[in-house]
Amino acid sequence: MVTLVDTPGADPGVSAEEQGQAAAIAENILALTVLPTPVLAVVTGEGGSGGALALAVADRVLMLENAVYSVISPEGCAAILWPDRSAAPEAARALRLTAPDLCRLGVVDEVVPEPSTAAHGDPAETAHRLRAALLANLTPLLDVPPAMLVRLRRQRFRRFGATRVGARTGRR
Numbered sequence: 099m100v101t102l103v104d105t106p107g108a109d110p111g112v113s114a115e116e117q118g119q120a121a122a123i124a125e126n127i128l129a130l131t132v133l134p135t136p137v138l139a140v141v142t143g144e145g146g147s148g149g150a151l152a153l154a155v156a157d158r159v160l161m162l163e164n165a166v167y168s169v170i171s172p173e174g175c176a177a178i179l180w181p182d183r184s185a186a187p188e189a190a191r192a193l194r195l196t197a198p199d200l201c202r203l204g205v206v207d208e209v210v211p212e213p214s215t216a217a218h219g220d221p222a223e224t225a226h227r228l229r230a231a232l233l234a235n236l237t238p239l240l241d242v243p244p245a246m247l248v249r250l251r252r253q254r255f256r257r258f259g260a261t262r263v264g265a266r267t268g269r270r
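Just so we're aligned, residue 99 is where the sequence shown starts under our numbering, counting upward by one.
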C-alpha cells in the first residue's frame with residue numbers, strides 16, 4: 099500500500115471534532131499499524147498535523163525534497179509557545195519539519211530529490227524519481243513475513259521522541 103500525503107492537517111474546529119474527526123484519525127492509525135502488507139508513505143507537499151500522521155504510519159516514509167512534515171503548523175506552534183503567530187519562522191526552525199532534518203532524525207527514511215524546476219515544474223520527472231524510490235524501498239519489504247512487518251512498524255513509531263533510556267523519567 100502506498101499513501102501520498104499532502105494535507106495541511108486536520109481541521110482544528112469544534113464542528114470537525116463533533117463529527118468524529120479524532121476518531122477517524124485514530125482508526126486510520128490503528129488500521130495502518132496492523133495492516134499485514136508492506137506500507138509506504140510519501141510526503142509530497144505539506145504533511146501537517148493529525149491528517150498527515152494518520153496517512154504516514156508506514157514501514158518506510160519518503161519525502162520529496164521540498165516537502166514539509168510536522169505534528170503542528172509553525173503558526174499553531176508559535177501561537178502556543180510565543181506571544182503570537184509572528185514567531186512562525188522561529189517555530190518552523192524549531193520544529194525541524196524539512197525533509198533533510200527529518201531524515202537526519204530518522205522520522206523519514208529517504209529524501210526523494212526533485213527536478214531543478216521543483217516537483218510541480220516537471221511532474222513527469224518527479225513521478226519517475228518517485229517510482230524508482232518506491233520500488234527501491236518496497237522490494238526489500240516483500241520478503242518480510244506479515245507478522246514481522248506489523249511488529250517492526252509498531253516499533254518504528256514507538257521509538258519516535260525517545261532520545262535515551264531514562265529521558266522520559268529524568269533519570270540518567
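No residue lacks a Cβ here, since even glycine has one placed at the ideal position from N, Cα and C.
Remember, it's a predicted structure, so these values are computed and weren't measured experimentally.
6 Å Cβ shell around R266 - same chain, five flanking residues per side excluded: Annotation note: pLDDT 41 at R266 (below 50); position unreliable, no value reported.
Check whether M161 and V206 have beta carbons under 8 Å apart: Taking C-beta atoms as the reference points, M161 and V206 count as a pair closer than 8 Å.
Cβ-Cβ separation, A165 to A197 (assumed contact under 8 Å), whole Å: For a cut-off of 8 Å, the C-beta gap from A197 to A165 is around 6 Å, short enough to register as a contact.
Which listed residue (V155, G204, V132) has its alpha carbon closest to that of V103: Closest option to V103, Cα to Cα, is V155.
Stretch-stretch touch, CB-based, cutoff 8 Å, three pairs: the region 220-239 with the region 175-195: With the rule of 3 Cβ pairs closer than 8 Å, the region 220-239 does not count as touching the region 175-195.
Burial state of V209 (16 or more Cβ within 10 Å): Around the Cβ of V209, a 10 Å sphere holds 16 or more other Cβ atoms; the residue is buried.
C-alpha gap between T131 and R183, whole angstroms: Distance between the alpha carbons of T131 and R183 is about 34 Å.
Three-state secondary structure (DSSP) of A108: DSSP places A108 in coil when its eight states are reduced to three.
Contact set for P213: own chain, Cβ-Cβ below 7 Å, skip 5 residues either direction: For P213, the CB contacts under 7 Å within the same chain, skipping 5 residues up- and downstream, are G219, D220, E223, T224 in chain order.
Counterpart residues of A139 in DSSP-defined beta bridges: A139 is bridged to T101, V159.
Straight-line gap, A129 to G148 (C-alpha atoms, nearest Å): Using only the alpha carbons, I get a separation of about 15 Å.
From A185, A190, L153, residue whose alpha carbon lies closest to that of L170: One detail in the question is off: residue 170 reads as Ile in this sequence, not Leu. The shortest C-alpha separation from I170 is found at A190.
Cβ neighbour criterion (16 or more within 10 Å) applied to L250: Exposed, because fewer than 16 other Cβ atoms sit within 10 Å of the Cβ of L250.
Sequence-distant residues of its chain with Cβ nearer than 7 Å to A120 (five each side left out): Excluding sequence neighbours, A120 sits near nothing in its chain.
Residue of I123, A122, L133 minimising C-alpha distance to P243: P243 has its Cα closest to that of L133, out of I123, A122, L133.
Exposure label - G272; buried when at least 16 CB within 10 Å: Residue 272 falls outside the range modelled here, since the chain spans only 99 to 270, and no answer is possible.
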